[in-house]
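Chemist: Attaching a single structure in structure tokens format; questions to follow.
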């Protein structure tokens, strides 16, 4: 039981990092869109 809990924590941390990563990707694409609008 203890091993299962210990095994779960990295998975939770991993999913949090994935969510943060996707948020950064979304922000990045928003900035790229803004940038291209400024260029035209």
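Residue numbers (the UniProt record's numbering): 1 to 40.
Every residue gets a Cβ at the ideal spot worked out from N, C-alpha and C, and that includes glycine.
Note that the structure is a prediction, hence the values are computed from the model and not measured.
1) Rounding to the nearest angstrom, what Cα-Cα distance links residue 31 and residue 23 in this structure?
2) Can you name the start and end residues of the alpha helix (DSSP H) that residue 5 belongs to?
3) In angstroms, rounded to a whole number, what distance separates the CA positions of residue 12 and residue 20?
Modeler: So, to answer that:
1) Here residue 31 refers to the residue found at position 31 of the chain shown. Here residue 23 refers to the residue found at position 23 of the chain shown. Going from the Cα of residue 31 to the Cα of residue 23 covers about 12 Å.
2) Position 5 of the chain shown, counting from 1, holds the residue named residue 5. Its alpha helix (DSSP H) spans residues 2-39.
3) Within the chain shown, numbered from 1, the residue matching residue 12 stands at position 12. Within the chain shown, numbered from 1, the residue matching residue 20 stands at position 20. Roughly 12 Å between the two C-alpha positions.
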